[in-house]
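For the sequence shown, the UniProt record's numbering gives the first residue as 1, with consecutive numbering after it.
Below: one structure, written as structure tokens.
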Amino acid sequence: MRIEAYNQIQQVYNTKKVQHTGKTEKATKTDNVQISSLGKDIQVAKQAVKNAPDIREDIVAPLKQQVQNGTYDVSADDFADKMLAEFA
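Okay, here's the thing in structure tokens:
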């Protein structure tokens with residue numbers, strides 16, 4: 001075992017005690033958030049969608065009335081075309 005190497009390592013790990021002066025400074029840090037114009041536009045769009053009704057009553061009400069009256073008629077050709085478009 002080399003004693004000289006041990007002495008060198010011991011010198012590296014020797015630490016001095018920290019002296020406290022009693023004065024402490026508090027660092028004031030603030031966080032800043034910057035939202036881009038695209039982010040603001042997305043927030044506005046989300047709020048508009050959230051406030052919009054789920055059902056457009058101006059479109060649904062007349063159709064509902066036609067179904068209740070028995071006057072709602074669906075063209076068989078239109079129905080078949082939409083089914084073929086869906087599964088093609």
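A virtual CB, placed ideally from N, CA and C, is assigned to each residue, including glycine.
In this text the structure is predicted, and so the values were computed from the model without any measurement.
Endpoints, alpha helix (DSSP H) assigned at Val33: Counted from its first residue, the sequence shown places residue 33 at position 33. Neither: Val33 is in no alpha helix (DSSP H) and is coded neither H nor E.
Span of the alpha helix (DSSP H), counted from its first residue to its last, around Val67: The residue labelled residue 67 in the question sits at position 67 within the sequence shown. Counting along the chain, the alpha helix (DSSP H) containing Val67 begins and ends at 57-69.
For Gln43, I'd like the list of residues in its chain whose CB is within less than 8 angstroms of its CB, leaving aside the five on either flank, ordered along the chain. Here residue 43 is taken as the residue at index 43 of the sequence shown, counted from 1. Once the five neighbours on either side are set aside, the close Cβ partners of Gln43 are Ile35.
N-terminal and C-terminal residue of the alpha helix (DSSP H) that Ala80 is part of: By 1-based counting over the sequence shown, the position of residue 80 is 80. 76-87 is the span of the alpha helix (DSSP H), which, as asked, contains Ala80.
What do you reckon, are the CB atoms on Leu63 and Tyr72 nearer than 8 angstroms? The residue you call residue 63 lines up with position 63 of the sequence shown. The residue you call residue 72 lines up with position 72 of the sequence shown. Contact: yes.
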